[in-house]
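Q: Residue 183 in UniProt numbering sits at position 183 of the sequence shown, with consecutive numbering throughout. Backbone N, C-alpha and C define an ideal beta-carbon position, used for all residues, glycine too. Since the structure is predicted, the reported quantities are computational estimates derived from the model, not experimental observations.
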Amino acid sequence: MLLTPSVPTPPPVLPIIAVPGKVFRDRLRNGGEGPEMVWIGGGSFRMGDLQGGGESDEKPVHRVTVKRFAMGRYEVTFAEYDKFAEATGRSKPDDRGWGRGNRPVINVSWHDATAYAKWLSQQTGEQYRLPTEAEWEYSARAGTKTKYWWGNEIGSNKANCWSCGDSFTNTAPVGSFEANPFGLYDMLGNVWEWTCSQYEGKYKGKEQQCMNKKINKNNNLSLRGGSWGIDATRMRSADRDGRRPTNRGGGVGFRLARL
1 MLLTPSVPTP
11 PPVLPIIAVP
21 GKVFRDRLRN
31 GGEGPEMVWI
41 GGGSFRMGDL
51 QGGGESDEKP
61 VHRVTVKRFA
71 MGRYEVTFAE
81 YDKFAEATGR
91 SKPDDRGWGR
101 GNRPVINVSW
111 HDATAYAKWL
121 SQQTGEQYRL
131 PTEAEWEYSA
141 RAGTKTKYWW
151 GNEIGSNKAN
161 CWSCGDSFTN
171 TAPVGSFEAN
181 PFGLYDMLGN
191 VWEWTCSQYE
201 GKYKGKEQQC
211 MNKKINKNNN
221 LSLRGGSWGI
231 DATRMRSADR
241 DGRRPTNRGG
251 GVGFRLARL
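So this is what it looks like as structure tokens:
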């Protein structure tokens, strides 16, 4: 009697449990896995220039509540972005000869970053997007109230910036420095990170929202975290910047949030 060969049953896909601090990766439909993500518990914090002496756009200091979400453990790397570019036929961004692989992707516009988030959502069946400014600062502070998550003094070899006492002259491979208390790397320094929030000269509520209307070339979108080429005063947890959505540069990258 001819026997029909048995087909092995694939292992069940277990749900990812949203435990604060838990690291996970979603599977991609075309093979491989997405970026490493960390679950961030919801909570309230005071947002803005807590110590005084900051810029006018860091005011007024106000209390914000954020819901539970996941944040990229690292800035999106060239390896991760290049996989997206190859899958979608997009041009790969220039690395300026600094190296690709596990270095943070640079020379990406806001449109590039949001396109990657949309592709990742399609690949995983989950909702990825850029973080709001409020989610970003909540994650960067990680429960702290000081200028930097490690204290009020920049110290040495805590992050990658031109006055941070490190040995890098451009971008550093992600994870080169200690993680903050939420388990997130390079929230301060290395590259500026796009958010989904519209930039305002003073806080009026848009820092807690993603821009849902059609983006035009005259909109300003918020960036956070400073970069390898920035003085330490510009990579405080409260510091902000705003740029056009088409802007690209050697100090601009991003990380993603997942709901």
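#1: Can you give the Cα-Cα distance for threonine 114 and lysine 92, rounded to whole angstroms?
#2: Runs of 4 residues minimum, wholly inside the region 120-167: which ones carry the alpha helix (DSSP H) assignment?
#3: Taking one C-beta from the region 117-135 and one from the region 178-198 each time, how about it: are there three or more such pairs within less than 8 Å?
#4: So what's threonine 233 in DSSP terms, helix, strand or just coil?
#5: So methionine 71 and valine 38 are supposed to be a Cβ contact under 8 Å. How far apart are they, rounded?
#6: Can you list, in chain order, the residues of its chain whose CB lies under 6 Å from that of glutamine 82, leaving out five sequence neighbours each side?
#7: Give every residue of the same chain whose Cβ lies closer than 8 Å to the Cβ of asparagine 218, excluding the five residues on either side of it in the sequence, and list them in chain order.
#8: Hey, would you say glycine 242 sits closer than 9 Å to valine 191, going by beta carbons?
#9: Kindly indicate which residue of Ser167, Thr144, Arg68 and Ile154 has the alpha-carbon position closest to the one of threonine 233.
#10: Three or more C-beta pairs closer than 8 Å, one from the region 170-179 and one from the region 102-113: is that the case here?
#11: According to the neighbour-count rule (16 or more other Cβ atoms, all chains shown, within 10 Å of its Cβ), is valine 76 buried or exposed?
#12: Helix, strand or coil for tryptophan 110 per DSSP?
#13: Three or more C-beta pairs closer than 8 Å, one from the region 158-169 and one from the region 49-57: is that the case here?
#14: If I follow the unbroken alpha helix (DSSP H) through alanine 79, where does it start and stop?
A: To lay it out plainly:
#1: 15 Å
#2: 133-141
#3: yes
#4: helix
#5: 6 Å
#6: The identity of residue 82 in the sequence shown is aspartate, whereas the question assumes glutamine. Only Lys92 meet the Cβ criterion.
#7: Arg244
#8: no
#9: Ile154
#10: yes
#11: buried
#12: helix
#13: no
#14: 78-88
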